[in-house]
Structure formats: C-alpha cells, structure tokens
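Residue numbering for the sequence shown follows the working numbering, starting at -10 and increasing by one per position.
Ideal placement from N, C-alpha and C gives every residue a C-beta, glycine not left out.
Predicted model, so just to flag it, every value in this text is computed and none were measured.
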Amino acid sequence: MDIVFQALAHPARRILLEELAARNDQSLFELTVRLINDHGLAMTRQAVTKHLAVLREAGLVTSTVQGRTTVHHLDTSPLTDARQWMDSLPPPPKDTP
C-alpha cells in the first residue's frame, strides 16, 4: 500500500488520475495535451511517461496497445484498498475543554 501513497504524493500524478477518471482510455498524447492546456503544466511527453510508469507500478493505471497507440486506463482498486485501510483507523480524539 505504501507504493500507492507514494504514487499519489505528486500533484501531476493525481491530475493524471483525475483526467483518466473523467475520460478513460487516453493516449500519452491526449494526456500530455490535457495537462498542458487544462492544467497549465508544462510537461514533456517523457515526463508524463515517467509519471504513468509510477502509477502503473502502483497498480493505479493499466496500459494496452491498440494498433500503434498505447492507451491508458484507470484502475481504482488500489484506491479502494487504501480507503478501506484509512476507514479502519480510529477517529481523532475530540477536543476536551
């Protein structure tokens, strides 16, 4: 589970997940254009590729080849596991006067 939290630590990777949640099955080109145009992030394709690799290693993204294009897909199961773990923690103590 640590790898999931490490993957979520970078804001660009969280934005990539949000983009895939909004519209799944996107190519590297589509994701890079959205990061630049919609979020104002000046990122190269190589940087986006590295971020996708981290997300893929954490199990948050899968990729398939469709013809000459690699398409990226969101997998939320690691997020569900992390959420269940966080929900199992006790609530913070209430402030007492």
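- Considering only 5, -9, 69, the residue with the shortest C-alpha distance to residue 38 is 5.
- Three or more pairs of CB atoms, one per stretch, sit closer than 8 angstroms, so the region 67 to 74 contacts the region -10 to 8.
- Cβ-Cβ distances below 6 angstroms link residue 9 to 63 in the same chain, with the five nearest sequence neighbours on each side left out; the list follows chain order.
- Using a 10 angstroms sphere on the CB of residue 15, the tally of other CB atoms reaches 16 or more, which defines it as buried.
- Fewer than three beta-carbon pairs drawn from the region 46 to 55 and the region 20 to 31 are found closer than 8 angstroms, and the two stretches are therefore not classed as touching.
- Beta-bridge analysis with DSSP links residue 16 to 60.
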